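In this note's numbering, the protein residues as written are 5 to 140. The beta carbon of each residue, even a glycine, is placed where N, CA and C say it ideally should be. Since this is a predicted model, take the numbers as computed values, not measurements. Working notes, beginning with the structure itself.
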């Protein structure tokens, strides 16, 4: 009976050790799972951060492209305005040259203009000023 009691005691001890080992194994597995989940969470966070950075870079790139297009459109508008102004100036110069040709055709002699100036009345003074402007 004593041997049996010792044998039972050893069996209980063995079962207790086995349960303790199993508990430690379960604890280690839980810890490993927890660590794995934490690593996964960090990995996901890093991926989200990378996507966020990429989106910010893309948004900045798009903004820069839009700004470049706006600048280009502004430069084009200025260029068009300058071209229109140049055409307008050219037309004005051409018109003055044609008026001079026409007036010169009708009034070829500066002596004739001098006579008109000498005999002009006050009413004709404005007309002479305009005529002088067109001729000069």
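Item to check | Backbone CA spacing between residue 15 and residue 6 [nearest angstrom] | outcome: To locate residue 15, count along the chain shown from 1; it is residue 11. To locate residue 6, count along the chain shown from 1; it is residue 2. The alpha-carbon atoms of residue 15 and residue 6 are separated by roughly 14 Å.
Next on the checklist: I need the straight-line Cα distance from residue 38 to residue 51, nearest angstrom please.
Outcome noted: Counting from 1 along the chain shown, the entry for residue 38 is found at position 34. Counting from 1 along the chain shown, the entry for residue 51 is found at position 47. Cα-Cα distance, rounded: 20 Å.
Next on the checklist: Please report the distance separating the alpha-carbon of residue 13 from that of residue 29.
Outcome noted: What you label residue 13 is simply residue 9 of the chain shown in a count that begins at 1. What you label residue 29 is simply residue 25 of the chain shown in a count that begins at 1. Going from the Cα of residue 13 to the Cα of residue 29 covers about 24 Å.
Checklist entry - How big is the Cα-Cα spacing for residue 75 and residue 60? => result Along the chain shown, read from residue 1 onward, the residue named residue 75 stands at position 71. Along the chain shown, read from residue 1 onward, the residue named residue 60 stands at position 56. Taking the straight line joining both Cα atoms gives about 22 Å.
Checklist entry - In whole angstroms, what is the alpha-carbon distance linking residue 55 and residue 47? => result Residue mapping note: residue 55 aligns to position 51 of the chain shown, counting from 1. Residue mapping note: residue 47 aligns to position 43 of the chain shown, counting from 1. Spanning the two alpha carbons is a distance of roughly 12 Å.
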